[in-house]
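Undergrad:
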Amino acid sequence: MNEADRRAVLARRAAFVSAALATLGCSPARPEPREPEVVAVPPAPEDAGTTAQADAAPPPRSPSTKPGEPPSMDVPAGVSETAQKRYTHLFESMRALYDTVDKIEEALPSCNVQDAACEARWRDVADQLLEIRKTRSFMYFCPGTSDEARQFAEAQKAHEEYFNGRLGKVNTQIDAAWSGHEERWKKLQEDAYQAKPFPCLSFACQDW
């Protein structure tokens, strides 16, 4: 095999790997029941041992699931234009996410999920969760090795952890409401995605 043939083989392999990664990580065929980043799960309530009846309304939820105030959204003074653009995009995106999870918390239905009239209210929740997925899909930030990049990564991580804590609590309430009817809830989310699919983006990163 000469050098030209060897380069052609390597190029084909690289194209195959890139296509496979894009398919696996960027083009979901259907929405997941929850965000994969969610890691925070609140402790179970004292009456969690009580077996819920399939036709019972979900248990009352707490007045607020907000774990304190979100991290700072102030752009550090003296940062470069590159860093400033990243901070601006991060904070705009996080404000949209916080606003959406606020709406979900305020409108989370407490009706019996087996009632037909209740399903329309849950469709709204599925739409809001889809908006969260869509916003997060446009929030990829290329990592960097500079001090500015490391400082930005810390700010990004703080916001992600705070938001995941709130979303995790919302998902816990949703799971309780749909206990025993998980497939119906999954179908509502699939329908929401099929009605409003969003494009898949790829990124080329440079160190900063």
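Residue numbering for the sequence shown follows the working numbering, starting at 1 and increasing by one per position. C-beta atoms are modelled at their ideal positions from N, C-alpha and C, and glycine is treated no differently.
Using a Cβ-Cβ cut-off of 7 Å (strictly less than) and excluding sequence neighbours within five positions of Tyr140, which residues of its own chain qualify?
TA: As a working mapping, residue 140 is identified with position 140 in the sequence shown. Only Phe203 meet the Cβ criterion.
Undergrad: Counting pairs of Cβ atoms below 8 Å between the stretch 77 to 90 and the stretch 121 to 136, do you hit three or more?
TA: Contact fails: fewer than three Cβ-Cβ distances are below 8 Å.
Undergrad: Who are the Cβ neighbours of Arg121 in its own chain at under 7 Å, not counting the five residues just before and after it?
TA: By 1-based counting over the sequence shown, the position of residue 121 is 121. Answer for Arg121: Pro109 and Cys111, listed in chain order.
Undergrad: Verify whether the separation of the beta carbon atoms of Ser93 and Thr135 is less than 8 Å.
TA: Locating residue 93 in the sequence shown gives position 93, where the first residue counts as 1. Locating residue 135 in the sequence shown gives position 135, where the first residue counts as 1. Yes.
Undergrad: Cys205: which of Pro143, Asp124 and Ser137 sits nearest, CA to CA?
TA: Taking the sequence shown and counting its residues from 1, the one referred to as residue 205 is at position 205. The shortest Cα separation from Cys205 among Pro143, Asp124 and Ser137 belongs to Pro143.
Undergrad: Alpha carbons only, please: which of Asp102, Met73 and Ala177 is nearest the one belonging to Phe91?
TA: Residue numbering aside, residue 91 sits at position 91 when the sequence shown is read from its first letter. The candidate whose alpha carbon is nearest that of Phe91 is Met73.
Undergrad: Do Pro70 and Tyr162 come within 8 Å of each other at the CB atom, strictly closer than that value?
TA: On the sequence shown, residue 162 is found 162 positions in, with the first residue counted as 1. On the sequence shown, residue 70 is found 70 positions in, with the first residue counted as 1. Contact: yes.
Undergrad: Ile104 to Asp207, Cα distance in whole Å?
TA: The count along the sequence shown starts at 1 and reaches residue 104 at position 104. The count along the sequence shown starts at 1 and reaches residue 207 at position 207. Those two C-alpha atoms are separated by around 37 Å.
Undergrad: Helix, strand or coil, according to DSSP, for Ala77 in the structure here?
TA: Walking along the sequence shown from the start, residue 77 turns up at place 77. Ala77: coil per DSSP, three-state reduction.
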